[in-house]
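Everything below concerns the one structure shown next.
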Amino acid sequence: MQPERPLRVLVTDDDPIQLRIAARLLRELGHSGALANNGQIALDMLERLPFDLMLLDLNMPVHDGLATLAGLRQRRERGQATLPVILVSGNDLADNWAYYRDAGASAYLVKPLDIKDLAAALQRL
């Protein structure tokens with residue numbers, strides 16, 4: 001699959017298997033992915049490299065998804081560029097979606113990632 005415009009996606013997850021799965025799916029969809037194993041590393045990478053979008057695991061032991069969303073909000077308040085964020089979780093976030101949306105998330109996907117769901121989420125953003 002070739003997208004209209006290839007995206008550079010920052011994938012953030014503490015699970016190396018999930019990182020590899022997300023990177024493979026992004027490649028299959030014609031996008032590229034850079035990998036971070038916690039939210040602080042992801043925020044540091046945003047200081048140095050341009051990204052179009054972030055796939056962000058919600059539950060990580062070091063700098064979890066909510067802390068990372070707070071860091072992105074601080075960047076925005078300082079006038080720095082920010083990006084859409086797709087939260088990724090093993091739990092369906094539908095019941096609490098308003099909370100996560102208000103925290104700064106643009107969309108969410110439930111693990112395990114599915115290529116059709118990922119493609120649809122990327123297209124909506």
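Residues in the sequence shown are numbered consecutively from 1, following my numbering.
Virtual Cβ for every residue (Gly too), placed ideally from N, Cα, C.
As the structure is a computational prediction, the values presented were derived from the model and not from experiment.
**Request:** Taking only the alpha-carbon atoms, compute the straight-line gap between Arg-101 and Ala-36 and give it to the nearest angstrom.
**Result:** Looking at the backbone, the Cα of Arg-101 and that of Ala-36 are separated by about 22 angstroms.
**Request:** Would you kindly check if the distance between the Cβ of Asp-57 and the Cβ of Val-88 is under 8 angstroms?
**Result:** yes
**Asked** Should Gln-80 go down as buried or exposed, given a rule of 16 or more other Cβ atoms within 10 Å for buried?
**Response** exposed
**Asked** Buried or exposed: Tyr-108, going by 16 or more other Cβ atoms within 10 Å of its Cβ?
**Response** buried
**Asked** Exposed or buried, what is Asp-44 when buried is set at 16 or more other beta-carbons lying within 10 Å of its beta-carbon?
**Response** exposed
**Request:** Taking all protein chains shown into account, decide if Asn-38 is buried (16 or more other Cβ within 10 angstroms of its Cβ) or exposed.
**Result:** buried
**Message:** Classify Leu-7: buried if its beta carbon has 16 or more other beta carbons within 10 angstroms, exposed otherwise.
**Reply:** buried
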